[in-house]
Every structure is written in structure tokens, then in C-alpha cells.
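Chemist: As they're listed, the protein sequences go chains H and W. Each residue of the first sequence is one higher than the last, beginning at 0 in numbering that gives the first Met the number 0. Each residue of the second sequence is one higher than the last, beginning at 0 in numbering that gives the first Met the number 0. Below are the C-alpha cells for one structure; questions will follow.
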Amino acid sequence: MSDARLSVFKTYKLYVGGKFPRSESGRVYEVTDSKGKWLANAPLSSRKDARDAVVAARKAFGGWSGATAYNRGQVLYRVAEMLEGRRDQFVREVADAEGLSKSKAAAVVDATIDRWVWYAGWTDKIAQVVGGGNPVAGPFFNLSSPEPTGVVAVLAPQESSFLGLVSVLAPVIATGNTAVVVASENAPLPALSLAEVLATSDVPGGVVNVLSGRTAEIAAPLAAHQDVNAIDLAGADEVLAKELEIAAADNLKRVLRPQPVDYTQTPGTDRMTAFLETKTVWHPTGSLGASGSSY
Amino acid sequence: MPSSALTAAHPLKDVAASDSALRRFLHGLPGVDAVGLEGRAASLGTRSIKTTAKAYAIDLAISMVDLTTLEGADTPGKVRALGAKAVKPDPTDRTTPSTAAVCVYPDMVSVAKEAVAGSGVKVASVATAFPAGRAALDVKLADVRDAVAAGADEIDMVIDRGAFLSGRYLKVYDEITAVKEACGTSARLKVIFETGELSTYDNIRRASWLGMLAGADFIKTSTGKVAVNATPANTLLMLEAVRDFRAQTGIQVGVKPAGGIRTSKDAIKFLVLVNETAGEDWLDSHWFRFGASSLLNDLLMQRQKLATGRYSGPDYVTVD
């Protein structure tokens with residue numbers, strides 16, 4: 000029996016502020032595959048983990064939103080490169096999590112990587128689409144530009160543990176927001192592994208923070224948190240979404256309500272514009288002389 | 000109230016009679032068990048303070064803050080804003096207690112005095128060539144008299160670390176007594192040891208006794224201008240010193256950790272140290288202070304969380 004090797008189990012951990020802590024509460028819960036077979040223990044986050052994640056996201060916001068759009072695009076493309084290198088691992092995790100065959104899981108992972116690249120391309124183009132110069136009746140140059148909302152809490156979709164997750168996370172950070180992600184409750188492992196990819200691909204710590212656990216438990220303090228600027232309720236059921244929207248009203252958070260989405264389809268720009276604020280500046284041009292416009 | 004000076008008959012009265020007597024006394028103090036001290040400080044830091052006890056601790060901590068601004072870039076406007084914040088730390092919640100004091104450079108004392116007028120908030124001023132303390136005694140005393148004349152209620156002096164570390168204890172002692180005299184009866188004297196520069200726990204214990212013997216009303220860890228500032232261990236050591244000093248002389252001396260305390264959690268750990276070491280008598284802003292600036296915002300955010308059940312954020316407190 001001496002050649003039998005002991006298997007090395009992976010300890011899945013949270014991703015907060017660029018580090019991989021255990022839950023502050025010390026709790027874990029069992030994650031099973033679609034047939035009920037045990038896969039791993041994942042951290043069961045508490046509201047204090049949510050609070051710490053928001054602090055980390057706020058701290059990272061200045062640097063990430065201030066980075067040039069081109070630079071953000073490069074960083075996100077780097078994430079896609081890293082995902083490609085870990086393709087086999089994600090295929091296995093997605094197959095376990097969602098009960099898919101190897102080939103179907105591989106298709107999902109490919110679509111996910113392509114989704115990430117798609118959003119990476121949008122970072123330096125979204126401003127041209129939703130911003131621009133406005134015609135005004137006066138001697139002003141009037142310019143609108145989109146700016147990131149701030150810290151966005153993202154409840155990842157419950158069913159689509161990887162493609163769905165990336166489809167809601169990538170648009171949030173592509174535009175310069177920072178995110179606190181609550182992973183799918185029953186299938187958090189692809190999200191926790193994605194954190195390892197983010198940690199090794201030039202994404203500054205705190206830009207994305209990943210929490211696993213009971214969605215309702217973690218989402219409540221996030222929705223009520225005064226320092227969270229927006230919340231994406233994609234992973235909340237109808238009852239929970241209503242509760243969270245009420246809690247979110249207190250500091251006028253932007254709320255993206257859950258809606259049926261086919262994540263395999265190419266998305267529009269909606270998820271990006273949902274977390275952008277339009278800033279409009281009026282710049283005087285001086286008097287318009289007899290010859291007409293001075294610019 | 001304990002008397003604030005040793006009576007002539009007290010056995011400790013003569014320890015500063017000469018340099019050698021003072022050295023004999025300070026070096027005769029028991030050595031510090033560094034591992035035990037740090038272990039004790041760490042274990043007291045694990046106490047869980049929740050709900051009503053936490054609310055009490057947060058309000059107590061707010062009332063103990065010496066709200067500090069000691070920057071080269073201080074302006075009268077900034078000091079006035081700080082004064083307003085000290086009087087009403089959270090304008091959205093009038094039940095929030097005022098802080099104990101504002102702490103400024105001597106030239107800002109009159110501005111600060113005006114800003115907190117009629118509120119009970121004290122004005123503390125650093126003096127004696129803060130933070131290095133590298134000046135002639137005359138200059139230091141002029142610095143102190145200037146601050147006292149401008150109306151400072153408390154003077155935070157720094158000791159001459161160079162003299163202390165080279166063993167000239169009597170020089171340090173004489174300097175403290177001279178500054179104490181310059182404070183007169185109107186200002187309380189806080190003596191800053193700059194524990195981060197004293198190298199050993201034994202030195203911190205000696206400095207504490209030296210300061211108390213020389214008439215300090217408060218002993219204070221640090222200036223906040225060096226790498227290592229207040230730590231639970233060095234504050235615990237100073238709390239033991241004031242406890243033992245009162246037991247021997249009947250004189251109560253206050254303690255002020257300063258620098259590096261930024262979160263409510265840290266502040267509450269210090270309050271646990273006070274309660275468990277010096278005792279309840281020190282759990283009052285007259286005897287214990289936090290030298291801090293950013294700590295107050297965190298305390299206010301925690302207070303708002305307890306009041307509303309929602310986590311607060313930096314948008315709801317002042318930027319300073």
C-alpha cells in the first residue's frame with residue numbers, strides 16, 4: 000500500500016481585499032454536486048465578512064476607477080488569459096456544480112472566457128456610446144461622460160455558477176466600479192476559484208471581493224449598508240429581492256432587479272450602464288462673435 | 000481627591016535627591032517579563048464586548064478622545080473645524096458625547112480655545128519642542144508658558160529621550176518639574192515618553208515612574224510621529240505603573256495612549272486593559288485619554304451602526 004498517495008484536499012476560502020481569509024465567524028458549510036455527493040467545505044460568511052469586504056472595495060475604488068479605461072481593459076484581458084490556463088479545473092468544477100457532461104461544461108467555460116474578453120473590450124468604448132457632446136442653446140461646450148457608481152454588491156445568479164457569475168461581475172468592474180460578490184449559494188466553488196485567478200492577474204486587491212454562504216444572510220447587511228452604492232439582485236428570489244430593495248432605498252442605492260436572462264446569449268450594454276452615473280459639464284466657450292461659433 | 004504632590008514625609012520623596020539616588024531607585028524597579036506582558040495584553044484583547052456594553056464603551060471612548068491635529072499644514076480654519084467636531088462629534092445625533100479635548104500646536108491654542116468656548120471641551124497643546132524635544136530648557140519653558148498664556152488647559156510635553164537613554168535621569172526629572180512649574184495651577188501636565196524610542200519595556204517602566212515622581216498628571220505613550228506608537232503591551236505596562244504608584248503614594252496619575260489607535264475595536268481593547276489593570280477609577284476622561292484623529296470617525300460609524308442597525312460609511316462622517 001506504500002504507493003497509495005493521500006489526496007490533498009483544497010481549502011476553499013473567501014477573497015477579500017486581495018487576501019484569502021477564512022470566514023470571520025469560523026463557519027463552513029458542505030458543498031455537494033448536483034447528485035448530493037460532497038465536494039468541499041466552503042466558508043459560510045457572516046455579516047462581518049460582508050462589512051470587511053465593503054471596506055476593502057471602498058479602499059480599492061479610487062485606484063480602480065482612476066485607472067485609464069485602456070489599462071482596465073488590459074487587466075481584464077489578462078484575467079481571460081489566466082482563465083484559459085485553468086480551463087480544465089473550471090470544466091471539472093462547473094460539471095460538478097451544474098451536473099453537466101464534460102463537453103457541455105467545456106462549452107460553458109469557453110463561453111465564460113469569451114464573455115470576459117467581450118467585456119474587456121468594452122472598457123474603453125462604453126464612454127463613446129453613452130457619453131458625448133450635447134447640443135445646447137448657448138455659448139457652452141456641453142459634455143456628458145459616464146462615471147462608475149462606486150461599490151456595487153453583486154448577488155451572483157444561483158443556477159449559472161460560472162457563466163452567470165462572470166456575466167454579472169465583468170460589466171460591473173469593466174466600467175470602474177468595485178464589487179462585493181455573493182457567490183451562488185449551492186455552487187460557490189467556481190466563484191471561489193475565480194478569485195484565485197483574479198488574484199494572479201493584475202486586478203488590484205479589493206476590486207473584486209468574493210463571499211460564499213447563505214445569500215439571504217449576507218445580502219441583507221449589504222443591501223442596508225450605507226457605503227454600498229448599488230446592488231445587483233440577480234441571485235435573489237422574488238421575496239428576498241423585495242426585502243433587499245426596501246433596505247436598499249435608505250441610501251438611494253441603485254438597484255438592478257432580477258430578471259430572466261439567457262446567459263448564453265451575447266449581452267447588451269445594459270449591465271454596464273446600470274452602474275454608471277452620467278456627469279455633465281458645461282464649459283464656456285466665450286462669446287459667439289458675429290462670424291458665428293467661436294469653436 | 001488625592002493630593003498632587005508627594006508630602007515631605009513620604010519615603011519616595013528623597014529618591015530624586017541626587018542623580019545616583021534616582022538611578023538606584025529606577026534600576027531597582029523589578030524587570031519586565033516581556034513575554035508575559037505581551038501575552039497578558041493579547042489575552043485581554045480577546046474579550047468580546049457586545050450590545051449594551053459596546054454602546055457604553057463607544058460613548059466612553061468618544062468622551063476620552065483628545066482630538067488631535069499636529070500637522071505642519073494646520074490652518075486656523077482646520078482647527079476651528081476640529082473644535083466644532085470635538086463639541087458635537089455627530090451633528091445628526093445630539094446624544095453623542097463631546098470629546099475630552101482638542102490637541103493642537105501652541106500657536107493654535109487661542110483659535111482652538113475660541114472654537115470650543117463654553118462647551119467643556121478642553122484645549123491641550125503639545126509643547127517643549129514637540130516632537131523631538133531637542134531644544135534648550137529655556138526655549139522649552141517659553142514654549143510651555145506661551146501655550147498656557149494662550150489658555151491651554153493641558154500641556155503635552157515630550158521628555159528628552161537622549162538624556163534618558165544615556166542615563167541622565169535627573170536631567171529629565173528636573174526638566175519635568177520645571178515644566179510642571181511653568182504649567183502653574185491652571186494646566187494639567189501630560190508627559191510623553193515616546194515609547195517607540197525607549198527600546199525596552201524596562202525603560203518604559205522606569206520612564207513611567209520617573210514621570211510620576213516628577214509630578215506628571217498624565218503619562219502618555221507617544222507623539223504619533225514615529226513608527227511604533229501606542230501598543231496594548233506598552234499601555235498595559237504604564238497602567239500597571241500608575242496603579243502601583245497610587246498604591247504607594249495615594250496619587251492618581253492618568254494614562255494616554257496616542258498614535259496608531261484607529262478602530263473602535265482597538266479602542267475597546269484599551270478600555271478592557273484599563274478596567275482589568277488600573278481599575279474602574281481610571282474609566283473616566285479625567286484619567287484616561289486616547290490621542291487620536293481618525294479613531295473618532297470609526298467610533299462614530301460604529302455608533303451609527305448600533306443606533307440604526309445599518310453599517311455606516313465614510314460619507315456620513317467628516318473628512319479631516
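C-beta: ideal position from N, C-alpha, C; glycine also. Note that the coordinates shown come from a computational prediction; the quantities given were computed from them, not determined experimentally.
Along the alpha helix (DSSP H) that carries residue 237/W, what are the first and last residues, could you check?
Modeler: 231-248
Chemist: From what residue to what residue does the beta strand (DSSP E) around residue 285/W run?
Modeler: First-last for residue 285/W: undefined, no H or E at that position.
Chemist: Could you check if residue 72/W is buried or exposed, using at least 16 other CB atoms within 10 Å of its CB as the buried criterion?
Modeler: exposed
Chemist: Using a beta-carbon distance below 8 Å, is residue 44/W in contact with chain H?
Modeler: no
Chemist: Using a 10 Å radius around the Cβ and a threshold of 16 neighbouring Cβ atoms, would you call residue 6/H buried or exposed?
Modeler: exposed
Chemist: Give the interface partners of residue 220/H over in chain W, defined as CB-CB distance under 7 Å, in chain order.
Modeler: Per Cβ cutoff of 7 Å: 310.
Chemist: One question on the structure: do residue 102/H and residue 262/H come within less than 8 Å of each other, judged by their Cβ atoms?
Modeler: no
Chemist: When the distance is taken between beta carbons, is residue 155/H closer than 8 Å to residue 182/H?
Modeler: Yes, Cβ-Cβ distance for residue 182/H and residue 155/H is below 8 Å.
Chemist: Going by the beta-carbon positions, is the gap between residue 46/H and residue 220/H smaller than 8 Å?
Modeler: yes
Chemist: Just the C-alpha distance for residue 139/H and residue 150/W, rounded to the nearest angstrom, thanks.
Modeler: 54 Å
Chemist: Name the residues in the region 72-103 of chain W whose C-beta lies less than 8 Å from a C-beta of chain H; which are they?
Modeler: none
Chemist: Beta-carbon within less than 6 Å of residue 142/H's beta-carbon, same chain only, minus the 5 sequence neighbours each way: which residues are those?
Modeler: 132, 280
Chemist: Let's test the definition: count the other Cβ atoms within 10 Å of the Cβ of residue 245/H and tell me whether it reaches 16, buried, or not, exposed.
Modeler: exposed
Chemist: If you drop the 5 nearest sequence neighbours on each side, which residues of the same chain put their C-beta closer than 6 Å to that of residue 51/H?
Modeler: Listed in chain order, the non-local C-beta contacts of residue 51/H below 6 Å within the same chain comprise 15, local neighbours out to five positions each way being set aside.
Chemist: Grab the span of the beta strand (DSSP E) containing residue 41/H for me, first residue to last.
Modeler: 37-42
Chemist: Keeping to the same chain, check which residues put their C-beta closer than 8 Å to that of residue 89/W; ignore five residues upstream and five downstream.
Modeler: 95, 299, 302, 303, 316
Chemist: Give a yes or no on whether the minimum CB-CB distance between residue 50/H and chain W is below 8 Å.
Modeler: yes
Chemist: First and last residue of the alpha helix (DSSP H) that includes residue 135/W?
Modeler: Unbroken run through residue 135/W: none, as it is neither H nor E.
Chemist: From residue 268/W to residue 44/H, what distance separates their C-alpha atoms?
Modeler: 24 Å
Chemist: Taking one C-beta from the region 203-217 of chain H and one from the region 120-132 of chain H each time, how about it: are there three or more such pairs within less than 8 Å?
Modeler: With a cut-off of 8 Å on Cβ pairs, the region 203-217 of chain H is not in contact with the region 120-132 of chain H, counting fewer than three such pairs.
Chemist: Could you have a look at residue 276/H and say whether DSSP puts it in helix, strand or coil?
Modeler: strand
Chemist: Is residue 314/W close to chain H, meaning its C-beta is less than 8 Å from at least one C-beta of that chain?
Modeler: yes
Chemist: Looking at the C-beta of residue 249/H, does it have a partner C-beta in chain W at a distance below 8 Å?
Modeler: yes
Chemist: Which value, in whole angstroms, describes the spacing of the CA atoms of residue 288/W and residue 254/W?
Modeler: A direct Cα-to-Cα measurement between residue 288/W and residue 254/W gives close to 7 Å.
Chemist: DSSP three-state call for residue 365/W: helix, strand or coil?
Modeler: What is shown of chain W runs 0 to 319, which leaves residue 365/W out entirely.
Chemist: Going by beta-carbon coordinates alone, are residue 78/H and residue 189/H separated by less than 8 Å?
Modeler: No.
Chemist: Would you say residue 319/W reaches chain H, if we count a Cβ-Cβ gap shorter than 8 Å as a contact?
Modeler: So no, residue 319/W is outside the interface.
Chemist: Give the interface partners of residue 223/H over in chain W, defined as CB-CB distance under 8 Å, in chain order.
Modeler: Residues of chain W passing the Cβ test: 308, 309, 310.
Chemist: Sort 85/W, 166/W, 78/W, 191/W by Cα distance to residue 156/W and report the nearest one.
Modeler: 191/W
Chemist: How about residue 238/W and residue 36/W: are their beta carbons less than 8 Å apart?
Modeler: no
Chemist: Can you tell me the Cα-Cα spacing of residue 222/W and residue 260/W, whole angstroms?
Modeler: Distance from the CA of residue 222/W to the CA of residue 260/W, rounded to the nearest whole angstrom, comes to 12 Å.
Chemist: What does the Cβ neighbour count give for residue 8/H, buried or exposed, with the cut at 16 atoms within 10 Å?
Modeler: exposed
Chemist: Using the Cα positions of residue 225/W and residue 195/W, report the straight-line distance between them to the nearest angstrom.
Modeler: 7 Å
Chemist: To the nearest angstrom, report how far apart residue 241/W and residue 207/W are at their CA atoms.
Modeler: 8 Å
Chemist: What residues match up with residue 48/W in a beta bridge as DSSP calls it?
Modeler: Partner(s): none; residue 48/W has no beta bridge.
Chemist: Tell me the DSSP bridge mates of residue 14/H?
Modeler: DSSP output for residue 14/H lists 209/H as bridge partner(s).
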